[in-house]
Amino acid sequence: MVTTEYNKNMQFFTDMQRCIGCHACEVACAECETNGQDTMIHIHYVDRANTIQTTMQVCMHCDDPVCANVCPANAIVKNANGVVLSANTSRCFGCSNCVMSCPFGVPIKKEESELMMKCNMCYDRTGAGLRPMCATVCPSNALFYGTPEDIEERRPHSTPVNKFIIGEQEIITKVNVMMPKGSTELTIH
Amino acid sequence: MAKLPVSEEKIIDQFGPHKHYPPLGGFKGVSNPDKLVKTHCCFCGMQCGIQLKVKDNKVVGFEPWKEFIFNEGRLCPKGVQRYLQNNHPDRLQTPYKRVEGVGFVPIEWEEAMSKVVSEIQRIQKQYGNDAFAMLSGVSLTNEKSYLHGKFARVALKTKNLDYNGRLCMVSAGAGNKKAFGLDRASNNWSDLKHAEVIMVAGANVSETFPTLTYPIWEARDNGAKLIVVDPRVVPFARTADLHLDLRPGTDSALFGAILKVLVDNNWIDKDFIENYTSGFEDTVASIQDHTLEWAEKVTGVSAEKIYKAAEMWGKAKTSFALHARGIEHHTKGVDNVVSMINLVLATGRIGKPYCGYATITGQGNGQGGREQGHKCDQLPGNRDIENPEHRKYIAEVWGINEADLPGKGLSAHEIIHAIHRGEIKGLLSICFNPLVSLPNSNYVREALEKLEFYVAIDFFLSETGRYADIVLAGSLHEEEDGTVTTAEGRVVRINQVVTPPGKARKDSEIIKEIARRLGSGDKFNFENSEAIFNEMRVASKGGTADYYGITYEKIEKNMGVFWPCPSLDHPGTPRLWEDRKFRTPDGKAHFNPAPYRLSAEMPDEEYPIILTTGRVVSQYLSGSQTRRIGKLVDQYPEPLLEIHPELAAKYGIQQGDLIRVKTRRGEVTLPANVVATIRKDTVFIPYHWGGCHSANLLTNDSLDPVSKIPEFKVCACKLENTKEKAPDSKLSNAYQSFSH
Chain V
11 MVTTEYNKNM QFFTDMQRCI GCHACEVACA ECETNGQDTM IHIHYVDRAN TIQTTMQVCM
71 HCDDPVCANV CPANAIVKNA NGVVLSANTS RCFGCSNCVM SCPFGVPIKK EESELMMKCN
131 MCYDRTGAGL RPMCATVCPS NALFYGTPED IEERRPHSTP VNKFIIGEQE IITKVNVMMP
191 KGSTELTIH
Chain R
2 MAKLPVSEEK IIDQFGPHKH YPPLGGFKGV SNPDKLVKTH CCFCGMQCGI QLKVKDNKVV
62 GFEPWKEFIF NEGRLCPKGV QRYLQNNHPD RLQTPYKRVE GVGFVPIEWE EAMSKVVSEI
122 QRIQKQYGND AFAMLSGVSL TNEKSYLHGK FARVALKTKN LDYNGRLCMV SAGAGNKKAF
182 GLDRASNNWS DLKHAEVIMV AGANVSETFP TLTYPIWEAR DNGAKLIVVD PRVVPFARTA
242 DLHLDLRPGT DSALFGAILK VLVDNNWIDK DFIENYTSGF EDTVASIQDH TLEWAEKVTG
302 VSAEKIYKAA EMWGKAKTSF ALHARGIEHH TKGVDNVVSM INLVLATGRI GKPYCGYATI
362 TGQGNGQGGR EQGHKCDQLP GNRDIENPEH RKYIAEVWGI NEADLPGKGL SAHEIIHAIH
422 RGEIKGLLSI CFNPLVSLPN SNYVREALEK LEFYVAIDFF LSETGRYADI VLAGSLHEEE
482 DGTVTTAEGR VVRINQVVTP PGKARKDSEI IKEIARRLGS GDKFNFENSE AIFNEMRVAS
542 KGGTADYYGI TYEKIEKNMG VFWPCPSLDH PGTPRLWEDR KFRTPDGKAH FNPAPYRLSA
602 EMPDEEYPII LTTGRVVSQY LSGSQTRRIG KLVDQYPEPL LEIHPELAAK YGIQQGDLIR
662 VKTRRGEVTL PANVVATIRK DTVFIPYHWG GCHSANLLTN DSLDPVSKIP EFKVCACKLE
722 NTKEKAPDSK LSNAYQSFSH
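Chains V and R, in that order, give the protein sequences.
Counting from 11, one number per residue, gives the positions in the first sequence under this note's numbering.
Counting from 2, one number per residue, gives the positions in the second sequence under this note's numbering.
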């Protein structure tokens with residue numbers, strides 16, 4: 011059945027081992043007219059001198075989003091579907107609290123417009139039953155958007171994890187990271 | 002006469018490459034396009050399905066085509082940005098003529114056509130028909146490939162027609178014909194899904210065919226082991242089960258050694274070998290000295306790793322072998338190909354589900370374009386231009402006397418030699434940028450300067466086009482209907498999305514008009530692309546590449562049809578050799594002895610380091626298209642010299658130092674990228690740039706004796722540290738191909 015509204019069964023999964031650093035997601039993300047040719051996903055080499063490994067960072071859409079919590083203008087809100095929307099442009103005044111507080115380094119401040127911008131999980135697409143642009147084009151499916159059952163069947167050697175221990179903080183996110191089979195959380199020291 | 006008419010700066014100012022970006026918020030109409038047209042990406046052999054958004058007869062954006070069976074919406078960055086060409090400020094929109102001291106001046110078609118035809122006639126009258134050569138391209142559709150083959154032989158009446166597939170798939174094609182008697186990927190990509198082991202040699206899949214990464218991962222999820230053979234840790238090699246980082250040019254030594262292990266351990270399919278192959282004993286005899294110890298010395302890969310690869314390959318029940326230019330761009334490219342095929346035949350794993358073999362065709366229509374007859378030795382249907390029966394059949398289809406059909410001509414690089422010798426005086430090129438893509442580019446440039454007349458058909462003025470006397474504005478991929486054949490042998494439809502802008506014309510209209518003016522109009526009365534395709538079907542009938550049963554309607558209905566498809570009721574052939582009836586004269590698959598021999602130029606005291614070349618993910622081939630797309634340029638703005646930290650230390654080279662790389666043919670100065678992901682005896686330069694940044698100033702133009710492919714992948718170089726730091730890459734103008 012073709013859905014034309016936000017599908018609550020669908021989830022976002024990222025898998026760093028599959029990332030080939032091609033930047034298809036970045037350029038595709040920037041094509042979204044609401045992004046004004048800025049990309050909301052970031053690809054980085056981990057340590058190019060020693061490895062070709064790249065990583066991609068989308069907004070993790072935290073259950074308890076610190077970016078929203080620290081926003082003095084209440085510009086960032088989590089909607090009923092758990093998607094943390096990018097800052098409401100009429101409220102945001104570019105204080106950068108969110109940029110500094112995000113544990114995943116996601117929000118960027120556009121200096122020209124004094125606005126914070128970040129991935130809102132392609133809400134214009136996902137809200138219409140489509141997959142986010144980055145997870146649609148990703149040629150290795152390092153970015154994947156589908157149901158938990160689908161990912162379980164497709165990736166028998168790995169497990170989706172959405173619990174992160176960063177220092178003393180525990181963060182639960184809407185976006186999953188694929189980890190070795192049996193993993194339950196990702197700890198970052 | 003064909004030197005640059007004015008300074009390079011003036012030409013670049015007028016024609017680019019300029020970096021093109023979409024406006025903030027996208028082009029007008031991106032959110033309410035007039036139509037969304039399903040077609041394919043114009044770049045590599047994957048031919049990913051894509052939908053282009055059109056507003057007011059302009060391409061304004063894209064939307065993934067998630068229903069297309071191969072890529073399901075997946076794209077690489079080139080695919081995402083491919084829509085930025087039709088609306089590009091550099092897009093040629095009118096014919097031009099070269100005026101000394103003035104530059105390229107817009108002219109009307111009548112003047113351009115008159116000049117082209119009178120120069121063709123003058124040169125051919127004075128020097129003979131073969132003194133006018135044609136170079137074609139294999140990013141072109143099947144229809145254009147067929148048209149150009151017929152045009153050169155029937156209208157131009159020259160034997161000297163070749164194509165840039167000569168730099169791409171010819172070693173694979175020759176190897177496939179030797180082994181199977183037919184040149185196509187034996188399997189489609191769905192046979193990767195349950196292969197137990199996948200061996201990929203000389204194919205940087207993650208950067209050159211990014212969307213093929215997905216089916217390989219799908220197989221790995223199902224338990225497949227991945228073996229990658231490459232001198233560098235390319236992105237998908239990072240997680241491979243086994244990475245054989247061999248010394249460039251030693252592929253046949255590696256495969257010979259693996260074959261010996263298979264035979265010594267009896268990991269072979271004796272029944273298959275006995276019943277369906279020939280040449281096994283001779284081949285095994287030829288590699289008796291290819292021991293693991295010997296192979297370790299030659300390839301630089303440990304004996305243990307080679308044995309492990311042989312064991313993984315030998316013990317598997319299903320497997321898929323893939324290769325690309327990394328093993329093909331050699332003076333022994335064909336040897337490398339057949340030596341890998343020998344591993345497939347020895348284990349009998351072909352013609353069955355999840356038992357596959359394929360060369361990964363590089364260019365957009367690298368597969369179809371190499372079948373329709375615009376190679377110097379070929380007629381449509383992948384027929385042989387020297388075979389009397391083949392000549393007779395095609396002469397009949399074309400309505401000419403067989404005696405008037407020219408014979409075998411010179412290959413692409415041999416045409417350059419012939420220009421130097423004064424045997425070729427005139428040239429027509431389309432979709433080929435030899436000044437960037439051929440090896441030894443100084444020599445190529447000197448040849449262009451010697452031509453009496455050169456006409457280039459193109460949609461952007463390429464580096465080579467800068468040397469033209471007349472430039473004819475042709476059509477982009479999205480501006481003309483047609484078909485292409487993907488790397489897996491699937492014939493798909495390219496839909497015309499928009500009409501050519503300004504006064505630009507469809508390529509086929511230009512060719513037909515020249516043919517008419519040369520007096521052969523009656524042979525080129527094609528109403529549209531489908532009419533060309535329908536004649537091509539007949540011309541291919543009975544050939545090894547038989548398209549007779551494929552129609553536009555059938556392609557659209559089935560989302561592609563695999564050739565051979567000999568009759569209208571035939572479903573096509575996604576997997577070859579299920580019947581075990583190979584197309585060789587004896588009906589058997591052939592083992593071919595290919596014992597190791599040295600590359601044409603080996604490192605020595607004066608030039609002690611191996612140079613190899615290749616691609617990056619954001620650029621495509623000679624870059625004539627992708628060096629104009631802003632974000633693709635910004636992603637990798639200039640070629641870098643990849644060098645291992647240990648080798649770098651010997652020269653005191655640090656990250657970002659400017660390094661002068663010298664070979665016997667030229668020199669290039671590039672920033673160093675010091676990375677541990679390359680062999681210690683090898684440096685790597687990507688080749689997409691022209692002018693003083695061109696890797697092909699350095700490469701060796703020695704050719705494979707059979708396929709005539711140049712040895713892009715191995716030559717000897719030396720390094721000089723300039724001790725200067727490179728300026729910020731973002732400021733580089735490498736994309737514009739200045740000579741200085």
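Quick reminder that beta carbons are idealized off the backbone N, C-alpha and C, glycines included.
Pairing LYS726 of chain R with LEU641 of chain R gives a Cβ-Cβ distance that is not under 8 Å. Spatial neighbours of ASP378 of chain R in its own chain (CB-CB distance under 6 Å, excluding positions within 5 residues in sequence) are listed in chain order as ILE386, LYS409. A check of alpha carbon separations from TYR277 of chain R across R:GLY327, R:LEU141, R:PRO586 identifies R:PRO586 as the nearest.
Relative to THR284 of chain R, the option among R:VAL31, R:ALA254, R:ALA304, R:VAL299 whose CA is nearest is R:ALA254. If the five residues before and after SER733 of chain R are omitted, its C-beta is found closer than 7 Å to the C-beta atoms of PRO638, GLU639, all from its own chain and listed in chain order.
The beta carbon of ALA359 of chain R does not come within 8 Å of any beta carbon belonging to chain V, so the residue lies off that interface. Relative to VAL234 of chain R, the option among R:PRO6, R:ILE679, R:GLN127 whose CA is nearest is R:ILE679. Taking a cut-off of 8 Å on C-beta distances, the region 156-171 of chain R touches the region 364-381 of chain R, as three or more cross pairs fall below it.
Between the region 390-404 of chain R and the region 682-696 of chain R there are fewer than three inter-stretch CB-CB distances shorter than 8 Å, so the stretches are not counted as touching. Identification of chain V residues near CYS77 of chain R by a Cβ-Cβ cut-off of 7 Å yields CYS32, ALA34, PRO149, ordered along the chain. Going by C-alpha positions, PRO440 of chain R is about 9 Å away from HIS414 of chain R. By the C-beta criterion, the region 299-315 of chain R is judged not to be in contact with the region 202-209 of chain R, since fewer than 3 inter-stretch pairs fall below 8 Å.
Closest by C-alpha distance to LYS120 of chain V, out of V:TYR133, V:SER106, V:SER111, V:ALA78, is V:SER106.
Beta-bridge analysis with DSSP links ASN722 of chain R to R:ILE660. The beta carbons of ALA474 of chain R and LYS504 of chain R sit about 7 Å from each other, so the pair counts as a contact at 8 Å. With 16 or more other Cβ atoms inside 10 Å of its own Cβ, GLU480 of chain R counts as buried. Taking a Cβ-Cβ cut-off of 7 Å, the neighbours of ASN60 of chain V in chain R comprise ALA677, given in sequence order. For PHE237 of chain R, the chain V residues whose Cβ falls inside 7 Å of its Cβ are ILE30, in order along the chain.
Note on geometry: alpha-carbon atoms of LYS542 of chain R and SER287 of chain R lie some 38 Å from one another. In this structure, LEU37 of chain R sits near GLN52 of chain R, with a CB-CB distance shorter than 8 Å.
Here DSSP, grouped into helix, strand and coil, assigns ALA505 of chain R to coil. A direct Cα-to-Cα measurement between TRP218 of chain R and LYS191 of chain V gives close to 16 Å. VAL38 of chain R is outside the set of residues whose beta carbon lies under 8 Å from a beta carbon in chain V. Scanning chain V for C-beta atoms nearer than 8 Å to the C-beta of TYR215 of chain R yields PRO149, SER150, ASN151, reported in chain order. A Cβ of chain V is located within less than 8 Å of the beta carbon of PRO211 of chain R. In its chain, beyond the 5 residues on either side, PHE181, GLY182, LEU183, THR545 have a beta carbon closer than 7 Å to the beta carbon of ARG584 of chain R.
In the DSSP assignment, GLU180 of chain V is bridged to V:ILE175. Restricting attention to R:TRP110, R:GLY550, R:GLU643, the CA atom closest to the CA of SER568 of chain R is found in R:GLY550. The C-beta distance from CYS29 of chain V to THR183 of chain V rounds to 18 Å, too long to fall under 8 Å, and the pair is not in contact. For the pair ASN337 of chain R and ILE351 of chain R, the CB atoms are not nearer than the 8 Å cut-off. Proximity of chain R to VAL76 of chain V at the Cβ level (cut-off 9 Å) is not reached, the minimal Cβ distance being about 29 Å. Contact annotation for VAL116 of chain V against chain R: no contact, minimum CB-CB distance about 21 Å [criterion: below 7 Å]. In the three-state scheme derived from DSSP, where H, G and I count as helix and E and B as strand, TYR155 of chain V is classed as strand. Within the same chain, HIS645, GLU647, LEU648 come within 6 Å of LYS681 of chain R by CB-CB distance, once the 5 residues on both sides are set aside.
Within its own chain, the residues whose Cβ lies closer than 7 Å to the Cβ of ALA78 of chain V, once the five positions on either side in sequence are excluded, are ILE86, VAL87, LYS88, VAL94, listed in chain order. The region 614-628 of chain R and the region 79-87 of chain R touch, with three or more beta-carbon pairs separated by less than 8 Å.
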